[in-house]
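Worksheet for the structure shown next.
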Amino acid sequence: MTEIQSPEMLDALLEKSLNTTVLLFKHSNSCGTSAYALEQVEIFLSEYPGWNDRCGMIVVQTHRTISNRVADLFAITHQSPQIFVIQNKEVLWHKSHHSITSDAIKKIVLSLF
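Next up, the structure:
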């Protein structure tokens with residue numbers, strides 16, 4: 000999983016979504032629920048390591064502007080933690096808080112193929 004640290008990095012992940020499905024995870028490093036959600040994303044990535052290069056993470060405390068840009072681009076209210084499945088620069092699925100589980104991610108990702 001790559002930490003998205005610039006608008007250009009976000010743009011690159013979204014460009015990648017034109018050729019393959021990508022994941023975008025918004026993480027708060029001061030929230031217990033977000034720590035749990037991050038663990039769930041990491042479990043998914045350990046089971047499906049091919050997704051590591053298709054998964055980006057925004058730490059909202061250090062990259063609030065990028066996080067807000069995601070909310071604006073997709074017209075989806077900001078939450079953290081929050082995960083998006085993106086294809087062709089469009090959100091196919093998103094969840095937040097305790098709805099982010101490795102099983103939920105696995106289910107949606109496997110249903111796309």
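Counting in numbering that gives the first Met the number 0, the sequence shown runs from 0 upward without gaps.
In this text, a Cβ means the ideal position worked out from N, Cα and C, and glycines have one as well.
| Item | Value |
| --- | --- |
| So, helix, strand or coil for residue 23, using DSSP? | strand |
| Taking the beta carbon of residue 124 as the centre, do at least 16 other beta carbons fall within 10 Å, making it buried, or is it exposed? | The shown model of the chain, from 0 to 112, leaves out residue 124, and the question about it has no answer. |
| Quick one: grab the DSSP three-state call for residue 43. | helix |
| From this set, 76, 94, 81 and 58, which residue's C-alpha is nearest residue 29's C-alpha? | 58 |
| Does chain B have any CB closer than 8 Å to the CB of residue 0? | Of the protein chains in the structure, only one exists, and it is not chain B. |
| State the CB to CB distance for the pair residue 107 and residue 24, rounded to an integer number of angstroms; the pair is presumed to be in contact (CB under 8 Å). | 14 Å between Cβ atoms; not a contact. |
| With contact counted as at least three CB pairs below 8 Å, one residue from each stretch, are the stretch 8-18 and the stretch 86-99 in contact? | yes |
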